[in-house]
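What follows is a single structure, written as structure tokens, with notes after it.
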Amino acid sequence: MQGLFFTLDEKSPKWTLGESLIGTNPGLGFRPLSENVERGGSLIWYRADNESQVKGWTSKLDSFLELYLNASKLPGRGRNQKFCDYNTTLQAGQTCAVPVNNWGPCSNTAGYSYNRSSPCIFIKLNRIFDWVPDYYTDVEDLPKDMPEDLVDVIKNTSRTELNTVWVSCSGESPADRENVGNFSYYPRQGFPGYYYPYTNVEDYLSPLVAVRLQRPAMNVLINIECRAWAKNIQYVRANNERKGSVHFEVMID
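Numbered per the numbering used here, the sequence shown spans residues 446 to 698.
As structure tokens, then:
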């Protein structure tokens, strides 16, 4: 038995990818979440002119982003992090930092734009140990159901930066799409490939996409879906078996 313990790697799970319960298809998550997820579900609801309600949501984001904003609180105090680009080569034990100074109106100093009736929602790809994205690197061979605005973004992206897990958000119904208006994405419309694979390196933080609702309609419930795009991310929209996407609602009074 003692010999068995010596063969286990604390940083590497015994079962990975297809052998694990998590599988090989990463889902998406979002923040902020309501206080009682079971009762409040995925609804972000507040009055933009109510300081207390605004602070309730921005405080949740402050808590979620604490380690991003202060790397010294990480287990390795951020010493293993390195600012990366698409040409970066990491050494063993290093991981890419997540810059926090390019979130624009979605920064904590801007109050995540909640008091401007144009809230930011942070999207993250759930971690799967050793999973490597299969990127869309051929701009002439993109999925037929990919949104036109994302197609334009990809076609205007330099070839060296196509190794990206792209993200798109949309209202779920025609009425939702009309009510939600346009989205802005910070710092870019996807997760750069240099954050993958996730191998449980100390100080690793999941990359984030801050999605800002520019001018959503007021006093109406808006259903929104955000989707991740890579060749090996399966997409299923059914509410009881959603894959490769995340659903949330926004209502601003």
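Glycine included, C-beta positions come from ideal geometry on N, C-alpha and C.
As the structure is a prediction and not an experimental result, all values here were calculated from the model.
Query	Result
Taking DSSP as the reference, what is the three-state secondary structure of Gly644?	A small correction: the amino acid at residue 644 is Thr; Gly does not occupy that position in the sequence shown. Here Thr644 sits in coil by DSSP.
From Tyr513, Leu570 and Trp611, pick the residue whose C-alpha is nearest to that of Gly474; which is it?	Leu570
So what's Pro564 in DSSP terms, helix, strand or just coil?	coil
What is the DSSP secondary structure of Trp548, counted as helix, strand or coil?	coil
Could you check if Asp621 is buried or exposed, using at least 16 other CB atoms within 10 Å of its CB as the buried criterion?	buried
Please return the same chain residues whose Cβ sits closer than 6 angstroms to the Cβ of Tyr631, not counting the five positions on each side in sequence.	Trp548, Gly549, Cys551 and Ala655
Relative to the C-alpha of Val625, which residue among Asn601, Tyr643 and Ile669 is closest?	Ile669
For Val499, which three-state DSSP category applies?	helix
Ordered along the chain, which non-local residues of its own chain (more than five positions away) have a Cβ less than 8 angstroms from that of Gln498?	Tyr491 and Arg492
Please name the residue in Gly556, Lys500 and Val610 whose C-alpha comes closest to that of Tyr641.	Val610
Can you tell me which of Gln659, Asn553, Ser504 and Glu647 puts its alpha carbon nearest to the alpha carbon of Ala542?	Glu647
Does the beta-carbon distance from Tyr557 to Lys676 come in below 9 angstroms?	no
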